[in-house]
Every structure is written in C-alpha cells, then in structure tokens.
Amino acid sequence: MAHTKAQKAVSGNRDSAGRRLGVKVYGGHPVRPGNIILRQRGTKVNAGTGTMLSKDFTIMALKEGLVKFYVKRGEKYVSVI
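Mapping of the sequence shown onto the working numbering: position 55 corresponds to residue 150, and the numbering continues sequentially without gaps.
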C-alpha cells in the first residue's frame, strides 16, 4: 500500500510574463525622433541631451542622431548626439 495519499494539483503556481525591459537601441546606433532607446523600472539610466524620460521611465529619442551611453559623477546617462 502507498504511504502517501493522492495530492491535488496546485492552482496558483503560474508565473507572470516578462515585461520586455532593457536596452532597445545600443550605443553608436542611429535613432530617429520617437524611437524607444531603453525601457526600465525607475531611473537606472538618466535621460541626457536629445532624449526624454516618459512617465513609465522609458527613454525616447527627441532628435535624429547616434545613441551615446556615458557615466557622469557616478550616474549613468544616455543621450542622442
């Protein structure tokens, strides 16, 4: 005889889908106005010149140019030059 009784399957064992965060356009690559450069939660990277930080912390290009990531006074920035 079995020592363990039959178990019911767990119903609340599902994981949520990934949020597709991260860098969408890397340094040195060209962008046009409105292109999403980076999706993030909070300001892990700050918006520099030629970029805009939206209300969900997405960084978008405001002008045409090349993406540049840099560190200034210990803070990470992304800009379009």
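Positions of the beta carbon are idealized from the N, C-alpha and C atoms, including for glycine.
Legend entry - Val-120 versus Ala-112: straight-line alpha-carbon distance, rounded: 22 angstroms
Legend entry - Residues that Asn-141 bridges to, as DSSP identifies them: Tyr-172
Legend entry - Beta-bridge partners of Val-166, as assigned by DSSP: Lys-171
Legend entry - CB-CB length for Leu-116 against Gln-135, believed under 8 angstroms: 6 angstroms
Inset, instruction - Measure the alpha-carbon distance for Lys-171 versus Asn-141 and round it to whole angstroms. - result: 6 angstroms
Inset, instruction - State yes or no: is the C-beta of Ala-156 within less than 7 angstroms of the C-beta of Val-118? - result: no
Inset, instruction - Using a threshold of 7 angstroms, state whether the C-beta atoms of Val-175 and His-124 are closer than that. - result: With contacts defined as CB atoms closer than 7 angstroms, Val-175 and His-124 fail to qualify as a contacting pair.
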